[in-house]
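Everything on this sheet refers to the single structure shown next.
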Amino acid sequence: MAIKLNHQLNIIKDSPASFIFLHGLGGNLKAWNPIVSELNQLGYTTLSFDLPGHGDSPNTFSLSDYTQTSIVHQVHQVVAKHKLTNPILVGHCYGGFSALTYAHLYPKDVKRLVLISTTYKLFTPKHSLNSRFIKMVILSLLKNLVPSRHQSYIRDWDLIRLFREIIKTTPSSYFLSVLGALNFNATKYLANISCPTHVIHGVGDSVIPYTLAKELAQKIPKSSLILVPQANHIIVINQPQTIAKLLRKVGQSIKQTGK
Numbered sequence: 019m020a021i022k023l024n025h026q027l028n029i030i031k032d033s034p035a036s037f038i039f040l041h042g043l044g045g046n047l048k049a050w051n052p053i054v055s056e057l058n059q060l061g062y063t064t065l066s067f068d069l070p071g072h073g074d075s076p077n078t079f080s081l082s083d084y085t086q087t088s089i090v091h092q093v094h095q096v097v098a099k100h101k102l103t104n105p106i107l108v109g110h111c112y113g114g115f116s117a118l119t120y121a122h123l124y125p126k127d128v129k130r131l132v133l134i135s136t137t138y139k140l141f142t143p144k145h146s147l148n149s150r151f152i153k154m155v156i157l158s159l160l161k162n163l164v165p166s167r168h169q170s171y172i173r174d175w176d177l178i179r180l181f182r183e184i185i186k187t188t189p190s191s192y193f194l195s196v197l198g199a200l201n202f203n204a205t206k207y208l209a210n211i212s213c214p215t216h217v218i219h220g221v222g223d224s225v226i227p228y229t230l231a232k233e234l235a236q237k238i239p240k241s242s243l244i245l246v247p248q249a250n251h252i253i254v255i256n257q258p259q260t261i262a263k264l265l266r267k268v269g270q271s272i273k274q275t276g277k
């Protein structure tokens with residue numbers, strides 16, 4: 019039996035569209051709070067999820083609970099239950115995998131798709147990815163050995179941040195999430211995604227290079243690419259105002275055109 023995902027629903031009367039948020043690996047629904055708050059004030063309904071093993075969603079030891087199909091099924095059940103108007107699905111990084119899968123499995127239930135700092139497949143061979151990750155962790159460790167002032171701008175490769183995310187999520191859930199995503203590859207169905215899609219990516223993203231965002235946008239028929247200068251992979255946390263502004267435009271477009 020699939021687990022039930024924790025979620026936060028803010029229903030706004032007469033909302034022209036509903037934003038559905040899926041966070042990145044190691045995060046939780048609170049990552050979207052500044053953006054959610056602004057959109058609620060503008061009259062939009064919002065629905066944010068804690069993905070399996072994250073936030074207040076259950077921790078399990080079953081890999082099947084961490085597959086994209088399982089995650090998307092749980093998200094869809096909640097969306098269908100509340101009959102949300104003009105759903106706009108927003109996914110960051112790992113949550114972008116789920117957003118793409120959702121648009122593939124439930125195409126009639128997505129009005130717009132917003133993909134932030136994500137990719138459509140693992141972009142490097144297994145061994146290359148491992149060596150790159152290890153290198154980044156070592157460099158991050160060396161940097162953090164030197165005391166420094168608190169930084170509000172979060173780096174892509176920060177060992178302390180990664181460690182805190184793993185502990186907060188629990189090591190088992192964190193690594194099951196990683197294992198569940200290892201085989202993710204949306205290549206075969208990108209051309210069939212029919213809803214308008216907005217690909218948002220930081221030019222300074224060192225986790226998923228923006229060149230992959232270009233590829234992603236090229237492979238989805240009705241897509242637009244928005245590259246954000248001086249933004250890294252953690253753009254949702256570092257630049258919530260930028261994301262909120264872009265999402266506001268998406269909502270306004272639906273409000274004006276109904277599409």
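Counting with the numbering used here, you get residues 19 to 277 for the letters of the sequence shown.
Glycine is no exception: its CB is placed at the ideal position from the N, C-alpha and C atoms.
In the DSSP assignment, residue 66 falls within the beta strand (DSSP E) that extends over 63-67. By the criterion of at least three beta-carbon pairs nearer than 8 Å, the stretch 103-120 is in contact with the stretch 28-42. DSSP places residue 227 in the coil class of the three-state scheme, outside both helix and strand.
The beta-bridge partner set that DSSP reports for residue 241 consists of 215.
For residue 110, the uninterrupted beta strand (DSSP E) run begins and ends at 105-110, by DSSP. In terms of Cα proximity to residue 89, the closest of 269, 202, 260, 229 is 202. For residue 37, the enclosing beta strand (DSSP E) stretches over residues 36-40. Sequence-distant Cβ neighbours of residue 266 in its own chain, meaning closer than 8 Å and more than five residues away, are 56, 57, 60.
Going by C-alpha positions, residue 209 is about 11 Å away from residue 241. Per DSSP, residue 134 is one residue of the beta strand (DSSP E) stretching across 130-134.
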